[in-house]
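Residue numbers (this note's numbering): -7 to 100.
Backbone N, C-alpha and C define an ideal beta-carbon position, used for all residues, glycine too.
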Amino acid sequence: MINAITGNVSITAELKIKETVEIYTGLSAIQQFCDDMNSEEGCLFAIAHQDNEAPRKIILWEIYKDKAAFDAHFIADHTKAFFSTALTEFVKAYETEPVANILKGEIK
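This is how it looks when you write it as structure tokens:
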């Protein structure tokens, strides 16, 4: 969902570190991917969280300044490189919006 006021795109994505990959190796690659995302011109925020009960489950929170920045993320060399490593499986992603923005009437 694109924020009607700011134009920002907020994403919550779930990845799973493959069973054949040592967890620390997967976490290191994911952290580097977040660092690379944060260097993208249009990425406002990217952070990874590990599930305490399922350590191979990783949740990414990403905010892009607009749809163009979000689209550019997928053609960035570091994005292609991360997914080519095949260390993780993509589980699902959601476009999300902070509830506070909805309650303030910024989103309908």
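**Message:** Measuring only the C-alpha atoms, how far is Phe120 from Lys96?
**Reply:** With the chain running from -7 to 100 in the structure shown, residue 120 is simply not present.
**Request:** Taking only the alpha-carbon atoms, compute the straight-line gap between Phe25 and Ala85 and give it to the nearest angstrom.
**Result:** 16 Å
**Request:** Report the residue ranges of all alpha helix (DSSP H) runs contained in full by the segment 9 to 70; include only those spanning at least 4 residues, in chain order.
**Result:** 15 to 30, 59 to 67
**Request:** Determine the closest residue to Ala46 out of Glu87, Ile9, Asn0, Ala5, with distance taken between C-alpha atoms.
**Result:** Ile9
**Message:** Output needed for Asp43: all residues of its chain with C-beta closer than 6 Å, excluding positions within five of it in sequence on either side, in chain order.
**Reply:** Lys49
**Asked** Can the beta-carbon of Ile39 be found less than 8 Å from the beta-carbon of Trp53?
**Response** yes
**Range covered by the alpha helix (DSSP H) that runs through Ala85** = No alpha helix (DSSP H) holds Ala85; the beta strand (DSSP E) holding it covers 80 to 88.
**Asked** In angstroms, rounded to a whole number, what distance separates the CA positions of Val1 and Val13?
**Response** 31 Å
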